[in-house]
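All remarks here apply to the structure that follows.
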Amino acid sequence: IEAALGAGPLAGRRIVVTSGPTHEPIDPVRYIANRSSGAQGTALARALMALGAQVVFVTGPASVPPPEGVDLVRVETAREMLAAVEAALPADAAVCAAAVADWHVANAADRKMKKDGSGRAPVLDFAENPDILARIARRAEDRPRLVVGFAAETHDVVAHAEAKRARKGCDWIVANDVSPATGIMGGAENEVTLITASGAETWPRLSKDEVAQRLARRIAEALA
Ligand code: CTP
Ligand code: CA
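Heads up: the sequence shown begins at 175 in full-length UniProt numbering, then just goes up one per residue.
Next comes the structure, spelled out in structure tokens:
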């Protein structure tokens, strides 16, 4: 309602959100992917809009539909996602919720790869993808005032996430434990620890929508 009236604590704020997996081509008909559904990024975009923000939603091929009302930018690869995020700047905040592929296939073929009858399998060479979060966090001219990343870990969650925050130069990391015993991966709930310059704050287990709403409120406070 607030957003519809052009009000809300994030009215007039422009926020870039990355979401979903990326697909990295092997040849024109095949790709490498991951299991991200895009659910948490989508919920976050909705929660930010509900507080009045203008959201640029840069998404890979997700399995959940993008929210209505965003400025939608669909991409396939990590390299396309970086270009789209850079093109969306300046922005007040950037939240990188995408599960970006860490590598792309450096020797991707421009024609469908065919079996050659020898019984030998092709060999794929991998090259590291750009780190979108780190690149945005280290922009000289137009760095968003608040840059937020996510970190899904299976062990030593807080230590790994704090190290990630320092390494990438972002302001906050939203960390979660995705080890199989938690049932978080692919589920409707999430249990996160918010890591900021002032320390680590563990939130109770909440629905992904509630995590998104709580994070959106924190972002609004930080940008106020
Ligand atoms: N990220 C990104 N670009 C990449 C890789 C990651 O923007 N090429 C962002 C993700 O969107 C997320 C954060 O960085 O917000 C952490 O992603 P994660 O995969 O946990 O970190 P990595 O640096 O890739 O480390 P790891 O080896 O643990 O995968
Ligand atoms: Ca990674």
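Note that the Cβ used here is the ideal one computed from N, Cα and C, for glycine as well.
Tell me, please, whether the CB atom of residue i is closer than 8 Å to any CB atom in chain D?
i, result
"residue 298", "The displayed structure is made up of one protein chain only, and chain D is not part of it."
What is the rounded straight-line gap between the Cα of residue i and the Cα of residue j?
i, j, result
"residue 265", "residue 394", "14 Å"
"residue 378", "residue 283", "47 Å"
"residue 251", "residue 261", "15 Å"
"residue 353", "residue 228", "34 Å"
"residue 298", "residue 239", "31 Å"
"residue 373", "residue 198", "35 Å"
"residue 358", "residue 326", "10 Å"
"residue 188", "residue 230", "7 Å"
"residue 254", "residue 279", "14 Å"
"residue 218", "residue 349", "15 Å"
"residue 223", "residue 375", "25 Å"
"residue 337", "residue 371", "12 Å"
"residue 281", "residue 270", "27 Å"
"residue 392", "residue 335", "19 Å"
"residue 248", "residue 256", "12 Å"
"residue 216", "residue 241", "6 Å"
"residue 316", "residue 294", "49 Å"
"residue 232", "residue 246", "6 Å"
"residue 365", "residue 288", "45 Å"
"residue 205", "residue 333", "33 Å"
"residue 384", "residue 296", "45 Å"
Residues in its own chain within less than 8 Å of residue i by CB, not counting five upstream and five downstream?
i, result
"residue 398", "183"
"residue 360", "209 and 211"
For residue i, collect the residues of the same chain with a Cβ closer than 6 Å to its Cβ; drop the 5 residues on either side in sequence, then sort them by chain order.
i, result
"residue 339", "347 and 369"
"residue 311", "321, 342, 343 and 344"
"residue 225", "182, 183, 184, 390 and 394"
"residue 221", "386, 387 and 390"
"residue 290", "none"
"residue 180", "none"
Name the residue from the options whose alpha carbon lies nearest to the alpha carbon of residue i.
i, options, result
"residue 214", "207, 226, 195 and 332", "195"
"residue 305", "350, 244 and 323", "323"
"residue 331", "351, 372, 225 and 312", "351"
"residue 314", "188, 254 and 263", "263"
"residue 235", "207, 259, 243 and 217", "207"
"residue 275", "334, 365, 267 and 301", "301"
"residue 308", "349, 268, 334 and 277", "268"
"residue 277", "303, 180 and 289", "303"
For ligand 1, I want to know if residue i counts as a neighbour, meaning its beta carbon is within less than 7 Å of at least one of the ligand's heavy atoms.
i, result
"residue 323", "yes"
"residue 192", "yes"
"residue 252", "yes"
"residue 307", "yes"
"residue 382", "no"
"residue 236", "no"
"residue 304", "yes"
"residue 326", "yes"
"residue 286", "no"
Does ligand 2 have a heavy atom nearer than 7 Å to the CB of residue i?
i, result
"residue 290", "no"
"residue 351", "no"
"residue 201", "no"
"residue 276", "yes"
Who are the Cβ neighbours of residue i in its own chain at under 7 Å, not counting the five residues just before and after it?
i, result
"residue 286", "201, 202 and 203"
"residue 381", "362 and 363"
"residue 237", "211 and 212"
"residue 396", "320"
Within the present structure, is the beta-carbon of residue i separated from the nearest heavy atom of ligand 4 by less than 7 Å?
i, result
"residue 378", "Absence of ligand 4 from the depicted structure is noted, with ligand 1 and ligand 2 being the only ligands included."
For residue i and residue j, which I take to be in contact (beta-carbon distance under 8 Å), what is that distance rounded to the nearest angstrom?
i, j, result
"residue 272", "residue 356", "That pair is no contact at about 21 Å."
"residue 244", "residue 190", "With 8 Å as the limit, residue 244 and residue 190 do not qualify as a contact, their Cβ atoms being about 10 Å apart."
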